[in-house]
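Protein chains in written order, with my numbering: chain Z, 251 to 444; chain P, -2 to 326; chain L, 497 to 945. Have a look at the structure below before the remarks.
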Amino acid sequence: MSSGTGAPADGTHDETLVLGVPEISRALTRIAHEVLERNHGATDVVLLGIPTRGLPLARRLATRLAEVEPVLDVDSLLGSLDVTMYRDDLAHHPTRTIGATHLPPGGIDGKIVVLVDDVLYSGRTIRAALDAISDLGRPRGVQLAVLVDRGHRELPIRPDYVGKNLPTAAAERVRVLLEEIDGRDAVLIEGAVL
Amino acid sequence: MKHLLSAADLERSEAIEILDTAAQMAATQSREIKKLPTLRGRTVVNLFFEDSTRTRISFETAAKRLSADVINFSAKGSSVSKGESLKDTALTLQAMGADAVVIRHQSSGAPHTLAHAGWTSGAVINAGDGTHQHPTQALLDAFTIRRHLVGDGGRADVTGRDLAGLHVAIIGDVLHSRVARSNVQLLQTLGARVTLVAPPTLVPVGVGSWGADVSYHLDEVLTEGRPDAVMMLRVQRERMSMAGGGFFPSPLEYTRGYGLDARRLATLPDHTIVMHPGPMNRGLEISADAADSPRAVIVEQVSNGVAVRMAVLYLLLAGETTNTKAVGE
Amino acid sequence: MTTTSYLLRSVAPLGGEPVDVLVADGVIAAIGSDAATRATADVTVVEGAGLVLLPGLVDLHTHLREPGREDAETVLSGTRAAALGGFTAVHAMANTTPVQDSAGVVEQVWRLGHDAGWVDVHPVGAVSVGLAGEHLAELGAMAASAAQVRVFSDDGKCVHDPVLMRRALEYVKAFDGVVAQHAQEPRLTENAQMHEGVVSGEIGLAGWPSVAEEAIIARDVLLAEHVGSRLHVCHVSTAGSVEIVRWAKSRGIDVTAEVTPHHLALTDELARGYDPVFKVNPPLRTAADVEAVRAGLADGTIDIVATDHAPHPREDKDCEWSAAAFGMTGLETALSVVQEAMVDTGRMSWADVARVLSSAPAAIGRVGDHGRPLMVGEPANLTLVDPAARWVVVPHEQATASDNSPFAGREMHGRVVATFLRGRATVLGGLAQDDADGSHRATGRTETR
């Protein structure tokens, strides 16, 4: 699930830094190796980032995969999957902007699709992503990589690769900031407003 | 945005949002599975008091591609279609639970009346009212122009872009054309320059306040104005007779002065696209050569229409509305 | 039977110095210090400090809809509304069903007005049979009837055939009648919905060009000059029409003109919301036209204000614009609109108001007992108005049976406090003085000419 807007802390919230720059980097490197290990290389692997912050995370993962196995080409690995039109909660929020869906040149049929998102929470975003994938093609398998798993699942969805497990209270808010979008890397937990 | 009644109601940012959303919708329409679950459970009513198979099918396709349920109501307006039937029809549809009503009516202002009279609580989409507005037509026209002239024929990403710097010529019966009115407003909102070309009898009083240039001389506009897009409007033959108002003396004279033929086509810059909202009078306002030429995007306009209408339905219906606000909010 | 007498204390006749006025035995019995002394013990006192006394208002142009469209208004409901608006006489236009084109029908309408008792009803006779614009109606018979018709009009439609207009202008000379023209060239206004201008072009409604009104007025004033007749022009709405009337008067042509309250106050911008309450014929025009008719009323080019009260049932207005009927109600709001547009802005005095809403229309209609000077001995057809009052128009609470007021929700300036018809209060304390059956039994309608 995409986290909040990434606006700088306004001082009214109790904010804790959970992951900083080095921790995020190490987590992504580890995940990249895990992807390669689990899938015996990355020949048939496709990384689909879920907008907004899943996109730069997917690109970083793709870059690391290509660093480890130079035969891989980042642009052939990478794609984006907008799930807005498959969400089940559209009517309960203001109208959402639809993001772009781009599949890599080889498509997804017969491939291992690794969905990449920043925060896994209720699992509904991933449920929508699975529906979106099934309308786009027939992958051989679908795996899930998230930077943060904050618990509170409402559906039987589980991640294959996790950057950090972060047990949270429902009232707390997890914010992921990324250099490409927010100007810096950080994972923050905000407590309830005092 | 609760209703789409007129291009005049769209701010630049709203118009661009619709075009960008339409681009995403268009992308889904090139897949094998064209259907999306987004509006499942919503009911869209097509309320067409004027015959129009093309527009109705376009809206119906758009709604079905988003998994909405579609109810078609068509009432021929040949007898005096009094407001009583508009009101009573609207109340009936409301009782059936319409989330959106797409209305085409021969009376200018009927969609406005429907949206504000309190007869229906759904979103109202104007599919053409009298000689007033046809906003989704203007949106699909703008989408088509943007795709070709800003997006290099679809090769470049045009998200967030407008039509600044482009010159569009709209040619034909401006006086009676809701397509013209919607386009003049929307094109200017998106930063384009518009020139209207018509015989003096087919230009409305007060057109000077529209912001567009007006010319009675088509050749001059084509050769000196160098428009990037040429939009031909349908001219009704009936308007030639005195019973129809006597607006021009003969079809031949009209075509000689204002028709797009191969000769005029050749005077255009290479990149200029030829557009027509349809249905065409081949040989009257547009010759077969022009309609079938490679620069004509008329068929593409039709398919873009589905994507644009999907975008409008999505933006009006998918988000939180007063009908769907969650309890406690 | 005893008749009530009224002592109007400290009222300002035509807005002048406050003075007491005694109304008794159907006439103005006394003005000034002896009003109080001559009052009998059972006199009804009306405290009039701050109130302006006017001669009873006379409407030269109203639609009472009966016979034929009683779902919109009846002579009873319409005249009751007129009394509340300060009127003591109204001219009921001929476009009823059946049309008022014969002695029989005009006498029927005259009698309905008489029996209702709220105001004196003067039926207008149609110029052409059935308003079809082809044959002259029996104007002479209508003039000689009990209704004593003097004003003839096909209003609703234009007498567009120049030969028919010429004949009518000539024919009415025999009985001092006047033809009141609804100036609208029909071919230029086929299916027209609103004023032809910037707004109509933008909102896609077929236009009603000013020239369609002006061209007919220009033709008619020249015809009137040629045959030596008097002409009255209904509901002047454009700047060009005012200029033509002004020119005609400067040539000595015997033409009079009227303007409606809505043309003094409202513009075509109101059509943008497609609310048919603003759909009227002639249509609302531009701000420049509104200014021109105001100026014309102030300088006398336009002689009178007439309401063109046009009630319509809800079905005819609760629909899309092009399906809606043309017309607005106006009897109960006319005086307030004139006060706000002309008196409060300093362009007219109350004496001028008395002229344009009472004495001048009475003169044009040859109505001898209305629009009289406020002097002892004159028939007590009077209106008492509170200029400081402010009230909001709530259409369904109005006395008129129809709700199509363009002033709904608007705060109005000035209110009629009392109306007297031959010395009897039809309205007192701002309220209609109803008898049990909704009529008002004013006694003794004398046929005066």
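C-beta atoms are modelled at their ideal positions from N, C-alpha and C, and glycine is treated no differently.
Min CB distance E816(L) to chain P below 8 Å: For E816(L), the answer is yes, since a Cβ of chain P falls inside 8 Å of its Cβ.
Three-state secondary structure (DSSP) of H722(L): It is helical.
Counted within 10 angstroms of its Cβ, other Cβ atoms place H805(L) as buried (16 or more) or exposed: So H805(L) ends up on the buried side.
is_contact[L2(P), chain L] using C-beta, thresh 8 Å: Not one chain L Cβ lies under 8 Å of L2(P).
Residues from the segment 307 to 319 of chain P in contact with chain Z, defined by Cβ distance under 9 Å: Residues of the segment 307 to 319 of chain P with a Cβ closer than 9 Å to any Cβ of chain Z, in chain order: A308, Y311, L312, L313, L314, A315, G316, E317 and T318.
Segment contact flag, the segment 188 to 205 of chain P with the segment 43 to 63 of chain P, C-beta cutoff 8 Å, min 3 pairs: Using a Cβ-Cβ distance cut-off of 8 Å, the segment 188 to 205 of chain P and the segment 43 to 63 of chain P are not in contact, since fewer than three pairs of beta carbons, one from each stretch, lie closer than that value.
Boundaries (first-last residue) of the alpha helix (DSSP H) holding T685(L): Taken as a continuous stretch (DSSP letters only), T685(L) belongs to no alpha helix (DSSP H), as it is neither H nor E.
Option in H758(L), V755(L) and H728(L) with minimal Cα separation from K745(L): The residue with the shortest Cα to Cα distance from K745(L) is H728(L).
Inside the segment 152 to 202 of chain P only - alpha helix (DSSP H) runs reaching at least 4 residues: Taken in chain order, the whole alpha helix (DSSP H) runs of length 4 or more contained in the segment 152 to 202 of chain P are 175 to 186.
Nonlocal neighbours in the same chain, by C-beta distance under 7 Å from E429(Z), ignoring five residues either side: Answer for E429(Z): D435, listed in chain order.
Sheet register partners of D66(P) (DSSP bridge): DSSP lists T40(P) as partners of D66(P).
The segment 657 to 670 of chain L in contact with the segment 597 to 608 of chain L per 3-pair CB rule at 8 Å: Proximity of the segment 657 to 670 of chain L to the segment 597 to 608 of chain L falls short of the contact definition, fewer than three beta-carbon pairs being nearer than 8 Å.
Distance CB(G169(P))-CB(R231(P)) smaller than 8 Å: It is a contact, given that the beta carbons lie within the stated cut-off.
Helix, strand or coil at A711(L) according to DSSP, with G and I counted as helix: In this structure, DSSP gives A711(L) a helical state, which the three-state scheme calls helix.
CB contact below 8 Å: K(-1)(P) versus chain L: When Cβ-Cβ separations below 8 Å define contact, K(-1)(P) makes no contact with chain L.
Stretch pair the segment 169 to 189 of chain P + the segment 203 to 214 of chain P: three plus CB contacts closer than 8 Å: Of all C-beta pairs linking the segment 169 to 189 of chain P to the segment 203 to 214 of chain P, three or more are shorter than 8 Å, placing the two stretches in contact.
Segment limits, beta strand (DSSP E) that includes I122(P): Judged by DSSP secondary structure, I122(P) falls within the beta strand (DSSP E) whose first and last residues are A120 to D126.
beta-carbon V296(P) near the ligand SAH non-hydrogen atom, thresh 7 Å: The model depicted lacks the ligand SAH and carries no ligand whatsoever.
Beta bridge counterpart(s) of D616(L) as assigned by DSSP: Per DSSP, A585(L).
Contact check, V888(L) vs G905(L), beta carbons under 8 Å: The answer is yes: Cβ separation under 8 Å.
Coil, strand or helix - P778(L) by DSSP: Here P778(L) sits in coil by DSSP.
Close-in-space but distant-in-sequence residues of the same chain around V67(P) (CB under 7 Å, 5 per side omitted): The beta carbon of V67(P) sits closer than 7 Å to the beta carbons of V41, N43, E57, A60 and K61 from its chain, once the five residues preceding and following it are set aside; these are given in chain order.
Check whether L311(Z) and I281(Z) have beta carbons under 8 Å apart: In this structure, the beta-carbon distance from L311(Z) to I281(Z) falls below 8 Å.
Sequence-distant residues of the same chain with beta carbon closer than 8 Å to V294(P), five excluded per side: Hits under 8 Å: T141, H145, I270, V271 and M272.
Beta-bridge partners of V271(P), as assigned by DSSP: Per DSSP, the beta bridge partners of V271(P) are V227(P) and A293(P).
CB contact flag (D264(Z), G304(Z), <8 Å): At the C-beta level, D264(Z) and G304(Z) stay beyond 8 Å of one another.
Presumed contact (8 Å Cβ cut-off) between G910(L) and Q835(L), rounded CB distance: Rounded, the Cβ-Cβ distance is 4 Å, consistent with contact.
Alpha carbon of Y255(P) to alpha carbon of V218(P), nearest angstrom: Y255(P) and V218(P) have their C-alpha atoms spaced approximately 11 Å apart.
Separation of P344(Z) from A588(L), as counted between CA atoms: Rounded to whole angstroms, A588(L) to P344(Z) spans 58 Å at the Cα level.
Contact list for S105(P) against chain L, beta-carbon separation under 9 Å: For S105(P), the neighbours in chain L by C-beta distance under 9 Å run, in chain order, Q689, I699, G700, L701, A702, Y770, E816, W817 and S818.
Alpha-carbon spacing of G74(P) relative to E566(L), whole angstroms: Unreliable positioning characterises G74(P) in this predicted model, as indicated by a pLDDT of 49, which lies under 50. The coordinate reading is nonetheless provided below. Each residue's alpha carbon lies about 29 Å from the other.
Neighbour flag for R152(P) against chain Z, beta carbons, 8 Å: No, R152(P) lies away from the interface with chain Z (no Cβ there is under 8 Å from its Cβ).
Residue closest to L449(Z), alpha-carbon to alpha-carbon, out of D325(Z), G387(Z), P272(Z) and R288(Z): Residue 449(Z) is absent from the model: chain Z starts at 251 and stops at 444.
Closest by C-alpha distance to Q680(L), when choosing among L504(L), G796(L) and V776(L): Closest by alpha carbon: V776(L).
Cutoff 8 Å: G823(L) Cβ touching any chain P Cβ: Under the Cβ distance rule, G823(L) does not count among the residues neighbouring chain P, no pair being separated by less than 8 Å.
CB contact check: Q130(P) to chain L, cutoff 8 Å: The C-beta of Q130(P) comes closer than 8 Å to at least one C-beta of chain L.
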